[in-house]
Amino acid sequence: MRLIIGCDHGATPLKDEIVKHLVAKGLEIEDAGTFGTTPVDYPDIAKKVCEKIQNKEKDLGILLCGTGIGISIAANKYIGIRASLCHNEYEAEMSKRHNDSNVLVLGGRVIGRDLALSIVDRYLLCDFEGGRHQARLDKIALIEKLQ
Ligand code: RB5
Numbered sequence: 008m009r010l011i012i013g014c015d016h017g018a019t020p021l022k023d024e025i026v027k028h029l030v031a032k033g034l035e036i037e038d039a040g041t042f043g044t045t046p047v048d049y050p051d052i053a054k055k056v057c058e059k060i061q062n063k064e065k066d067l068g069i070l071l072c073g074t075g076i077g078i079s080i081a082a083n084k085y086i087g088i089r090a091s092l093c094h095n096e097y098e099a100e101m102s103k104r105h106n107d108s109n110v111l112v113l114g115g116r117v118i119g120r121d122l123a124l125s126i127v128d129r130y131l132l133c134d135f136e137g138g139r140h141q142a143r144l145d146k147i148a149l150i151e152k153l154q
């Protein structure tokens, strides 16, 4: 599984914790930044991560901003990106099983470290179920085509 993560300045500490956690589990993840507290614009970070998923350089992304809202709005503008802002493990699981989410979004100022790591673990564990859910995703893809 080829992973990439990115955040704005509102979530750098949580992003760093997630990277540390995944590396400790033996997973590789590209860190697209940001790396400090200097303000950056979350659409720029969404672009870095989403373009690598669009061009199939990466399989899954994790994006964070302060609330998770701005960066998920930006990410979902990219064709083929299904970014899911999750606050608990159930949302993370269902966003994979039913929505085939390819970007997990978290709010760095909204949830704590332990919950965030647990959400990430559940997200990475679950797979898309296909079937009737694929037909719904096909309808979303059609919306993208008509824009
Ligand atoms: C940055 O201050 C903040 O607006 C951003 O991280 C995010 O919460 C936007 O949705």
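Just so you know, we're using the working numbering here: the sequence shown kicks off at 8 and counts up by one.
Note that beta-carbon positions come from the ideal geometry of N, C-alpha and C, so glycine has one too.
Since we're looking at a predicted model, the values are computed, not measured.
Residues near V127 in its chain [Cβ-Cβ closer than 6 Å; skip 5 each side]
I25
Would you list the residues sitting across from E96 in a DSSP beta bridge?
None, per the DSSP bridge assignment.
Quick one: give me the first and last residue of the alpha helix (DSSP H) that V26 is part of.
Looking at the DSSP string, the run of the alpha helix (DSSP H) that includes V26 is 19 to 31.
D119: CB within 7 Å of a non-hydrogen atom of the ligand RB5:
First, the amino acid is wrong: residue 119 is Gly here, not Asp. Checking every heavy atom of the ligand RB5 against the Cβ of G119, none is found closer than 7 Å.
If we count the other Cβ atoms within 10 Å of its Cβ and call it buried at 16 or more, is I109 buried or exposed?
Position check: residue 109 holds Asn in this sequence, whereas Ile was assumed. Counting the other Cβ atoms within 10 Å of the Cβ of N109 gives 16 or more, which makes it buried.
By DSSP's criteria, V110 is part of a beta bridge. Which residues make up the other side?
G68, A90
Just the Cα atoms here: how many angstroms apart are Q141 and E64?
Their Cα atoms are separated by approximately 23 Å.
Relative to the C-alpha of D60, which residue among Y97, A82, L29 is closest?
Here the sequence assigns Ile to residue 60, which means Asp is not the residue at that position. Checking every option, the nearest Cα to that of I60 belongs to A82.
Under the three-state DSSP convention, the category C57 falls into:
helix
Under 8 Å, do G75 and L113 count as touching if we go by C-beta distance?
yes
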